[in-house]
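Number of protein chains: 2
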Amino acid sequence: MADCPIDVAGIGNAIVDVLAHADDAQLGALGLTKGVMTLIDAQQADVLYAKMGPGLECSGGSAANTVAGIAALGGKAAYIGKVKNDQLGQVFRHDLHSQGVTFETAAAAAGPPTARCLIFVTPDAQRTMQTYLGACVELGPDDIDGDLLAAAQVTYLEGYLWDRPEAKAAFRKAATVAHAAGRQVALSLSDPFCVERHRAEFRQLVSEHIDILFANEAEITSLFQTDFDDAIRQLKGHVTVAAVTRGAKGSVVLSGDDVVVQAAEPVAQLVDTTGAGDLYAAGFLYGYTQGRDLAAAARLGGICAAEIISHFGARPAADLAGLVAAAPLLTV
Amino acid sequence: MADCPIDVAGIGNAIVDVLAHADDAQLGALGLTKGVMTLIDAQQADVLYAKMGPGLECSGGSAANTVAGIAALGGKAAYIGKVKNDQLGQVFRHDLHSQGVTFETAAAAAGPPTARCLIFVTPDAQRTMQTYLGACVELGPDDIDGDLLAAAQVTYLEGYLWDRPEAKAAFRKAATVAHAAGRQVALSLSDPFCVERHRAEFRQLVSEHIDILFANEAEITSLFQTDFDDAIRQLKGHVTVAAVTRGAKGSVVLSGDDVVVQAAEPVAQLVDTTGAGDLYAAGFLYGYTQGRDLAAAARLGGICAAEIISHFGARPAADLAGLVAAAPLLTV
Numbered sequence: 003m004a005d006c007p008i009d010v011a012g013i014g015n016a017i018v019d020v021l022a023h024a025d026d027a028q029l030g031a032l033g034l035t036k037g038v039m040t041l042i043d044a045q046q047a048d049v050l051y052a053k054m055g056p057g058l059e060c061s062g063g064s065a066a067n068t069v070a071g072i073a074a075l076g077g078k079a080a081y082i083g084k085v086k087n088d089q090l091g092q093v094f095r096h097d098l099h100s101q102g103v104t105f106e107t108a109a110a111a112a113g114p115p116t117a118r119c120l121i122f123v124t125p126d127a128q129r130t131m132q133t134y135l136g137a138c139v140e141l142g143p144d145d146i147d148g149d150l151l152a153a154a155q156v157t158y159l160e161g162y163l164w165d166r167p168e169a170k171a172a173f174r175k176a177a178t179v180a181h182a183a184g185r186q187v188a189l190s191l192s193d194p195f196c197v198e199r200h201r202a203e204f205r206q207l208v209s210e211h212i213d214i215l216f217a218n219e220a221e222i223t224s225l226f227q228t229d230f231d232d233a234i235r236q237l238k239g240h241v242t243v244a245a246v247t248r249g250a251k252g253s254v255v256l257s258g259d260d261v262v263v264q265a266a267e268p269v270a271q272l273v274d275t276t277g278a279g280d281l282y283a284a285g286f287l288y289g290y291t292q293g294r295d296l297a298a299a300a301r302l303g304g305i306c307a308a309e310i311i312s313h314f315g316a317r318p319a320a321d322l323a324g325l326v327a328a329a330p331l332l333t334v
Numbered sequence: 003m004a005d006c007p008i009d010v011a012g013i014g015n016a017i018v019d020v021l022a023h024a025d026d027a028q029l030g031a032l033g034l035t036k037g038v039m040t041l042i043d044a045q046q047a048d049v050l051y052a053k054m055g056p057g058l059e060c061s062g063g064s065a066a067n068t069v070a071g072i073a074a075l076g077g078k079a080a081y082i083g084k085v086k087n088d089q090l091g092q093v094f095r096h097d098l099h100s101q102g103v104t105f106e107t108a109a110a111a112a113g114p115p116t117a118r119c120l121i122f123v124t125p126d127a128q129r130t131m132q133t134y135l136g137a138c139v140e141l142g143p144d145d146i147d148g149d150l151l152a153a154a155q156v157t158y159l160e161g162y163l164w165d166r167p168e169a170k171a172a173f174r175k176a177a178t179v180a181h182a183a184g185r186q187v188a189l190s191l192s193d194p195f196c197v198e199r200h201r202a203e204f205r206q207l208v209s210e211h212i213d214i215l216f217a218n219e220a221e222i223t224s225l226f227q228t229d230f231d232d233a234i235r236q237l238k239g240h241v242t243v244a245a246v247t248r249g250a251k252g253s254v255v256l257s258g259d260d261v262v263v264q265a266a267e268p269v270a271q272l273v274d275t276t277g278a279g280d281l282y283a284a285g286f287l288y289g290y291t292q293g294r295d296l297a298a299a300a301r302l303g304g305i306c307a308a309e310i311i312s313h314f315g316a317r318p319a320a321d322l323a324g325l326v327a328a329a330p331l332l333t334v
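Sequence order for the protein chains is V and U.
Position in the first sequence counted from 1, then plus 2, gives you our numbering.
Position in the second sequence counted from 1, then plus 2, gives you our numbering.
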């Protein structure tokens with residue numbers, strides 16, 4: 003598929019992250035469930051923001067983080083997602099464009115503001131996310147650019163999209179268009195609570211529409227309601243490729259009868275795990291679309307994940323392409 | 003002055019920083035002068051932002067950074083500055099409020115948006131700042147809350163204000179009100195180019211209206227158009243206290259015939275010098291208003307400056323009060 007002008011097109015909730023330090027006592031006082039993503043409404047977002055410490059704003063959004071990572075690695079990436087035409091929407095668009103990502107989805111001119119995710123980062127580097135979807139609720143099938151997806155080797159969808167009927171319709175249209183053009187469709191399961199809300203539908207999606215699946219241990223065991231080894235067994239045959247991350251234990255990649263077990267990269271200083279899964283997917287998909295073997299793709303995923311968790315925020319701060327070039331096993 | 007409900011009230015340009023990595027070649031291509039602050043208009047800001055890499059947004063503004071640092075140390079701080087009632091203005095207000103800083107200046111309902119400073123951080127940790135003042139140009143004498151300043155031990159003014167007639171009038175009113183209440187007035191010279199633009203006026207201000215002066219080596223030598231040692235000599239008698247920072251060489255503090263030479267604190271990793279002077283002033287003024295001697299105040303300044311240059315952004319990321327408590331010389 004070397005004729006593809008785009009390596010990966012991501013579709014997801016277009017979100018600006020607001021990151022602040024917090025400790026477990028504060029999470030408790032605010033009634034937050036540590037380590038997961040919870041959806042909140044506009045009023046809850048205002049109340050929570052008022053109680054949050056001084057913040058740092060950084061473009062986020064799971065699939066957007068992934069395509070930003072792919073572009074940082076030198077890949078050709080595109081994005082579909084909905085912001086409002088406001089200051090945070092301009093920040094989100096700028097950050098993708100300046101990374102070289104094609105992003106042409108029209109901004110909403112009216113309605114709720116650009117989405118934001120209030121992220122509380124605890125001293126153990128865990129992130130607890132409260133998301134106000136704002137303008138993301140305006141994303142629908144009309145925003146799916148068929149020509150764009152037909153031109154992309156892989157269409158990458160985030161599971162977070164699977165909460166509203168309009169977004170589900172957009173999701174299905176994207177998968178249909180991509181497959182009709184002979185392309186592959188990837189899905190990230192996104193979050194264990196997200197899997198719990200949509201288990202039956204996600205199982206059907208994975209069986210019928212998904213070629214490449216990304217998940218972490220909590221998500222995959224929740225999907226199949228079983229232990230890790232059994233979940234891995236059940237995955238076989240359902241998808242062309244599955245890449246399952248296990249935090250400090252690295253990742254396991256399956257494809258047909260092949261199984262690759264990849265150790266995690268060393269991390270000098272663990273600061274903030276926001277974006278770890280997104281950047282693993284970035285590294286993996288970059289390797290995959292460049293025709294690298296599964297082990298190399300898994301290693302690339304690990305390198306990108308290690309970079310993102312060494313600093314605040316879910317967009318790469320370092321020169322990812324340089325990091326990869328410096329990894330000896332990957333230069334051959 | 004233990005009866006003061008406020009330790010330090012800062013007045014300055016209320017700005018949200020947009021930080022991005024850049025290298026010297028990019029600075030050259032963009033025609034930027036490294037290490038200084040340059041004022042740009044709305045159109046220049048748009049053009050430059052479009053050419054800037056992916057950013058990270060963080061509340062900034064010189065005097066605002068200083069009062070945020072004082073609040074983080076446990077001091078009682080207030081701020082006067084002008085944002086617009088837009089998303090970035092809300093971010094700026096939130097970040098001061100959540101740090102415990104009193105900030106009640108009315109936001110502009112119309113006119114230009116909240117100010118932003120495009121900051122290019124080079125691998126040597128130097129910052130090059132391009133500021134679009136936006137709503138800051140709305141700040142005038144009516145925004146100076148006389149009761150607030152009369153209740154503050156020290157009114158702290160940033161030299162950056164000294165560019166527009168309305169802001170100068172606000173500046174003069176603030177100094178007059180503070181002195182009438184028997185309080186002290188501090189000034190930061192802000193930037194060598196700022197000193198160059200206003201040398202004669204700054205010299206007069208320093209002689210007639212300023213009790214406590216903050217400057218770095220480039221600013222103080224520009225003010226007196228002489229070398230460092232001679233500038234220090236000339237400062238004597240002009241102000242009650244002068245604190246001059248010298249980067250990696252630490253700081254020199256003068257008061258009457260007393261001279262304190264303070265070495266710089268060690269910095270594990272130099273990342274971004276944005277806010278170094280602002281946080282030195284925070285530590286120094288916190289110590290000063292707590293009645294600490296000059297050496298302790300200078301050391302506190304050095305500790306806060308070392309923290310801020312170890313990470314991206316000009317607002318403290320670490321627990322400053324904890325850092326100070328852990329510094330053995332300061333616990334007695």
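For glycine and all other residues, C-beta sits at the position ideal for the given N, C-alpha and C.
Label residue i either buried or exposed according to how many other C-beta atoms from any shown protein chain fall within 10 Å of its C-beta, with 16 as the threshold for buried.
i, result
"residue 100 of chain V", "buried"
"residue 210 of chain V", "exposed"
"residue 263 of chain U", "exposed"
"residue 285 of chain U", "buried"
"residue 35 of chain U", "exposed"
"residue 59 of chain U", "buried"
"residue 53 of chain U", "exposed"
"residue 49 of chain V", "exposed"
"residue 89 of chain V", "buried"
"residue 208 of chain V", "buried"
"residue 126 of chain V", "exposed"
"residue 43 of chain V", "exposed"
"residue 334 of chain U", "Note that residue 334 of chain U scores 40 on pLDDT, short of 50, meaning its location in the model is unreliable; the coordinates nonetheless yield the value given after this. Under this definition residue 334 of chain U is an exposed residue."
Could you compute how far the alpha carbon of residue i sits from the alpha carbon of residue j?
i, j, result
"residue 160 of chain U", "residue 169 of chain V", "49 Å"
"residue 157 of chain U", "residue 65 of chain U", "10 Å"
"residue 68 of chain V", "residue 140 of chain V", "22 Å"
"residue 3 of chain U", "residue 110 of chain U", "Unreliable positioning characterises residue 3 of chain U in this predicted model, as indicated by a pLDDT of 49, which lies under 50. The coordinate reading is nonetheless provided below. Using only the alpha carbons, I get a separation of about 34 Å."
"residue 323 of chain U", "residue 74 of chain U", "6 Å"
"residue 282 of chain U", "residue 23 of chain V", "23 Å"
"residue 312 of chain U", "residue 272 of chain V", "16 Å"
"residue 197 of chain U", "residue 173 of chain U", "16 Å"
"residue 192 of chain U", "residue 137 of chain U", "20 Å"
"residue 223 of chain V", "residue 238 of chain V", "14 Å"
Quick one: does residue i have its CB under 8 Å from some CB of chain U?
i, result
"residue 96 of chain V", "yes"
"residue 93 of chain V", "yes"
"residue 39 of chain V", "no"
"residue 76 of chain V", "no"
"residue 88 of chain V", "yes"
"residue 64 of chain V", "no"
"residue 190 of chain V", "no"
"residue 3 of chain V", "For residue 3 of chain V, the predicted structure reports a pLDDT of 49, less than 50, and the residue's modelled location is therefore unreliable. The matter cannot be settled from this model."
Would you say residue i reaches chain V, if we count a Cβ-Cβ gap shorter than 8 Å as a contact?
i, result
"residue 290 of chain U", "no"
"residue 131 of chain U", "no"
"residue 60 of chain U", "yes"
"residue 56 of chain U", "yes"
Going by alpha carbons, who is nearest to residue i out of the options?
i, options, result
"residue 194 of chain U", "U:40, U:11, U:149", "U:40"
"residue 326 of chain V", "V:13, V:72, V:216, V:87", "V:72"
"residue 266 of chain U", "U:260, U:279, U:124", "U:279"
"residue 341 of chain U", "U:300, U:248, U:292", "In the structure displayed, chain U extends from 3 to 334; residue 341 of chain U sits before or after that span and is not available."
"residue 277 of chain V", "V:119, V:178, V:297", "V:119"
"residue 307 of chain U", "U:26, U:328, U:258, U:247", "U:247"
Go to residue i, then tell me how far its alpha helix (DSSP H) extends in each direction, as first and last residue.
i, result
"residue 8 of chain U", "That residue, residue 8 of chain U, is in no alpha helix (DSSP H); its beta strand (DSSP E) goes 8 to 13."
"residue 271 of chain V", "Where residue 271 of chain V is concerned, there is no enclosing alpha helix (DSSP H), given that its DSSP letter is neither H nor E."
"residue 145 of chain V", "That residue, residue 145 of chain V, is in no alpha helix (DSSP H); it is neither H nor E in DSSP."
"residue 326 of chain V", "322 to 327"
"residue 230 of chain U", "230 to 237"
"residue 26 of chain V", "26 to 32"
How far does the beta strand (DSSP E) with residue i in it extend, from its first residue to its last?
i, result
"residue 257 of chain V", "253 to 257"
"residue 218 of chain V", "214 to 218"
"residue 158 of chain V", "154 to 160"
"residue 133 of chain V", "129 to 134"
Does at least one heavy atom of the ligand SAH sit under 7 Å from the Cβ of residue i?
i, result
"residue 71 of chain U", "No copy of the ligand SAH occurs in the structure displayed, which carries no ligand at all."
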